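Chains as they are written, first to last, in this note's numbering: chain P, 20 to 531; chain X, 20 to 531. Heads up, the beta-carbon is just placed ideally off N, CA and C, and yes, glycines get one too. Note that this is a predicted model, so its numbers are computed, not measured. Below is one structure, written out as structure tokens, with a few remarks after it.
Protein chains: 2
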Amino acid sequence: MAGEARRARGGGGAARRAERSAVSFETAKYIERNIPNFEILSEEALEIIERNADIILEEIGVNFPDNPEALALWREAGASVDGERVRIPKGLARELCKTAPSEYTQVARNPQRNVVIGGRNLVLAPVYGPPFVRDAAGGRRYATMGDFNKFVKLAYMSKWLHHSGGTVCEPTDVPVNKRHLDMLHAHMTLSDKPFMGSVTEPSRAQDSVDMCGVLFGEQFVQDNTVMTSLININSPMTFDDVMMGALKVYAENNQAAIISPFIVGGAMAPVSVAGTLTQVLAEVLAGIAYSQLVRKGAPVIFGAFVTSIDMNSGAPTFGTPEAAHITYGAGQLARRMNLPFRSAGSFCGSKLPDAQAAYETSNSLNMGLLSGVNFMLHACGWLEGGLVSSFEKFVMDADQLGTLHHLAQGIQMDENAQALDAIREVGPGGHYLGCAHTQANFKAAFWKSDLLDYKPFETWSEEGARDTQTLASLRVEKMLADYQQPAMDPATREALDAFVAQKKAAEPDSFM
Amino acid sequence: MAGEARRARGGGGAARRAERSAVSFETAKYIERNIPNFEILSEEALEIIERNADIILEEIGVNFPDNPEALALWREAGASVDGERVRIPKGLARELCKTAPSEYTQVARNPQRNVVIGGRNLVLAPVYGPPFVRDAAGGRRYATMGDFNKFVKLAYMSKWLHHSGGTVCEPTDVPVNKRHLDMLHAHMTLSDKPFMGSVTEPSRAQDSVDMCGVLFGEQFVQDNTVMTSLININSPMTFDDVMMGALKVYAENNQAAIISPFIVGGAMAPVSVAGTLTQVLAEVLAGIAYSQLVRKGAPVIFGAFVTSIDMNSGAPTFGTPEAAHITYGAGQLARRMNLPFRSAGSFCGSKLPDAQAAYETSNSLNMGLLSGVNFMLHACGWLEGGLVSSFEKFVMDADQLGTLHHLAQGIQMDENAQALDAIREVGPGGHYLGCAHTQANFKAAFWKSDLLDYKPFETWSEEGARDTQTLASLRVEKMLADYQQPAMDPATREALDAFVAQKKAAEPDSFM
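This is how it looks when you write it as structure tokens:
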């Protein structure tokens, strides 16, 4: 019976081994949660935070420096503007936020990779921003465009990643004023998953929109959201004119932005969780209200990047209980605003993809799932407080993201899942390995790592007693060797190449 | 101001460094949760599982082999007994379970170390059972009594461990029929935290009770619970006579037992979560009902040891989403029975204390906290599917247990925590590092690891680019060097020594 079942699946041992060793190109659908969110704050606590956030906006206000256009919009909307300080009457920011959509679809060039951001969904995107990369063979070094391309390929091939991300590492060998072009070109041509646009200058945001026009068609871009970009708030309560300029470009062009306080608790926000949540809410209210002043209905995400600080060394710390408290609370606040929520990630302070890295990362990933995050940036590959994109950690984390997919499925309760017949068949003292229910269900029953070691001790020893990093190095190598570029219409590819070439020729290189 | 604050704390840099490098002997109080439990199953789903568990008990029944005494108790209680099979009429087991207390105090020889097991509490105990130990210097080897003593010392010195545990490793150099005496002697004399008794023979359970009589006084033991011991169910639905014999000894003597199905999903239980939960509930109902037949009011814990299986290799897997589903569900079932709950732990399949070990462990620890576990056995030190007690992983996990303590505190919402004055003081564009609120609160604000690396990259490199395992090896060494035995009345110590010597002399060694 078991033998027949094996034969029916076809091919015998060698074929099965080949199947196991092949790298899959499958991409899972974004997570649609079938489990509750973890709600840590009471209704009363949430109301206190909301009331205090209103007090901050009205009494203290927020700064929009070097941005007369933004100040004019605020004045017109009914805020009190004094220099660069904007004080927002109680309730106004929340009212303005109401035109932001509760969810939106980000379209990918492969429509099977479209993602719906908001609701009960969770979309996973890779690490963003590190100037360094690390791998076991080459150690820690400045990132190059070659590294960037490798990360885009790895993200494309990672089953549990839904999104190609943005600055997966900083390609420091490309001029600062031109690297956004190469980065976008890589996301557009080496992957078919959705991606992020540039925010380092409003003109680069505009380039991002224009380049999407080449890829998708100009009208299509106006009618559809094809980018989700990261707009950080300069906490406390300062809205940098460069970031606000980029936000303006994206909002005007119907492109999505994550409006995200960037908080190292104790430095950019109060040393208490409730105080930090209050400031985060005030900042997000002001930022999202501003996006809706630019264009009603512009798609946005309630963001919260939060870490705490080690008060001895001043170093940011990751995967901490305080960060978890803030993220759980911020998720509740975002849901009360009916907005998509961004937080959590593969955060760690460790210099190596070792146990510290994994403890801290797992703490954050699990908390991210249960706090109701809808868009998780940095979901894999983050190392050393975000200074380093790690090749090994990228595939290690990307593998762990499978656990979030399975956890989110919740518990099946149909008759097959109840398995009473199996319990009857096996009875006291028996075992379930060969029973009909097991044969029918085992393939889909359990999440299985594609990376971690499940071998007997003796086999593992004979094969060199490899640790996780060593297994991950091999997997990176294999994935890059197996990578196949997704097909693209040659005319589109030529047009993208021409766009980049023309833009690059139009100004001198700058490394500042 | 900041300088004054530093001076006020006294001693300058050298003293502060000395303070930081000293190993603390402090033990935190057991966790009293101020956060909700994560409830994954709906009321309807819970009722289905409870109904099906009743069907199992009534229609299929459970086996109590080689145990005429137990069969007689069941017959008397109204069950149908057919050979070794006991079929329990609908509702009877649940009714019998009602006399089990919802929580109990386990008394330690140092009353400051007493633990209350049940309610919203979480008591953390170390790994239990591995025949091997591992450390970086010595590799993997059979455990000895010397290793056992070291683990007891480490548990005693670990701030976030509330319990000394039981078989922290199997001292394979001591005869099987005598090692329980040495193990208990070690827990009693090297530590003052609460501990577990022997379950490998009913006579050894009786020795444990008698030895506690020497330590605490015989009447005291009858009046107080001084041991919590681990009674595994031989799943599916088989109640081994040795384990039941030990349970009987403990119940009769008012000592607590964890009644715990031992489930590798797909082998000892159906391959589905709902089916496994149904079997777990049926088994626990039968086991706890039996404990109450022995003695009404005997303290017990609803246990659930659950892993899944890798269907390719047959290896058990740890930290998986399916184990999390089962644990969340089992926690809900336990709370509906108003019983303390045991599950989760520092579970991993990895052979080394590497990233795999930490991912899997963090998954399980976080889930354990949120699922409402009241007693977490294996909370630190587990390696290689439970075959190995790891010295490094012991201190690594024990450090992470601090995150559970802080997470469980929930979010303070008093005026100080709201921090509006701090936000007013700092204002847009400022920073919080020096503000009055930060100065007043920073010491208690954030959880801080005693082990993990928070140093700048350059310092870390200069110090040898150490990974977590290397830091942990140093910590193990330092803790064992700093260990100081807790004081004990010399007469008690002599009486314990004499008890062990007399018991050992009374029978020949056996290694079977």
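Query, Result
"Where W179/X sits in the DSSP three-state scheme", "coil"
"Partners in chain P for H456/X, counting only beta-carbon separations shorter than 8 Å", "P289, V290, S291 and G294"
"Beta carbon proximity, Q351/X to chain P, threshold 7 Å", "no"
"Length of the line joining the Cα atoms of L72/X and A323/X", "Inspection of the sequence shows that residue 72/X is occupied by Ala rather than by Leu. The alpha-carbon atoms of A72/X and A323/X are separated by roughly 15 Å."
"Coil, strand or helix - A514/X by DSSP", "helix"
"Completely contained alpha helix (DSSP H) runs for the segment 397-438 of chain X, where each covers 4 or more residues", "410-427 and 434-437"
"Contact residues within the segment 72-85 of chain X, judged by C-beta distance below 9 Å to chain P", "I74, I75, E78, I79, G80, V81, N82 and P84"
"Straight-line Cα distance separating A317/X from Y309/X", "10 Å"
"CB of V519/X within 7 Å of CB of H204/X, strictly", "yes"
"Interface positions of the segment 425-449 of chain P facing chain X (Cβ-Cβ less than 9 Å), listed along the chain", "H425, L426, A427, Q428, G429, I430, Q431, M432, D433, N435, A436, Q437, A438, L439, A441, I442, R443, V445, G446, P447, G448 and G449"
"Proximal residues of chain P, C-beta to C-beta of K474/X below 8 Å", "S332 and A334"
"Stretch-stretch touch, CB-based, cutoff 8 Å, three pairs: the segment 446-453 of chain P with the segment 399-413 of chain P", "no"
"Contact set between P255/X and chain A, taken where Cβ atoms lie within less than 9 Å", "The structure shown contains no chain A; its protein chains are P and X."
"Option in D242/X, L76/X and S248/X with minimal Cα separation from S227/X", "S248/X"
"Endpoints, the beta strand (DSSP E) within which V303/P is located", "No beta strand (DSSP E) contains V303/P, which is instead part of the alpha helix (DSSP H) from V292 to V313."
"Close beta carbons around T208/P, own chain, < 8 Å, minus the five adjacent residues each side", "Q504, M507, R512 and L515"
"Pairwise C-alpha distance: Y161/X and D259/X", "27 Å"
"Nearest residue (CA-CA) to A119/X, options M356/X, N331/X and E220/X", "M356/X"
"CB contact below 7 Å: F151/P versus chain X", "no"
"Residues that I54/P contacts on chain X, provided the C-beta gap is smaller than 8 Å", "I59"
"With 16 other Cβ atoms within 10 Å as the buried cut-off, status of Q521/X", "exposed"
"Within 8 Å of chain X by C-beta, residues of the segment 393-411 of chain P in sequence order", "E403 and L406"
"Distance, G284/P Cα to S383/P Cα", "16 Å"
"7 Å Cβ cutoff met for R52/P and R139/P", "yes"
"Beta-carbon proximity of S408/X to V152/X, cut-off 7 Å", "yes"
"Proximity test, Cβ basis, 7 Å: Y378/P and chain X", "yes"
"Selection of the segment 92-124 of chain X by Cβ proximity to chain P, strictly under 8 Å", "R104"
"Length of the line joining the Cα atoms of P335/X and D329/X", "6 Å"
"C-beta contact flag for G364/X and A398/X at 7 Å", "yes"
"Neighbour flag for P372/X against chain P, beta carbons, 7 Å", "yes"
"Contacts that G137/X makes with chain P (C-beta to C-beta distance below 7 Å)", "Near G137/X there are no residues of chain P at all, since even the closest Cβ is about 22 Å away, more than 7 Å."
"Members of the segment 271-287 of chain P that neighbour chain X once the beta carbon cut-off is set at 9 Å", "G284, G285, A286 and M287"
"Length of the line joining the Cα atoms of G350/X and V392/X", "7 Å"
"Rounded distance between the beta-carbons of L180/X and L141/X, thought under 8 Å", "Going by Cβ atoms, the distance from L141/X to L180/X rounds to 12 Å, so no, they are not a contact pair."
"Under 7 Å between C-beta atoms of F321/P and L358/P", "yes"
"Cβ pair Q225/P, P372/P closer than 7 Å", "no"
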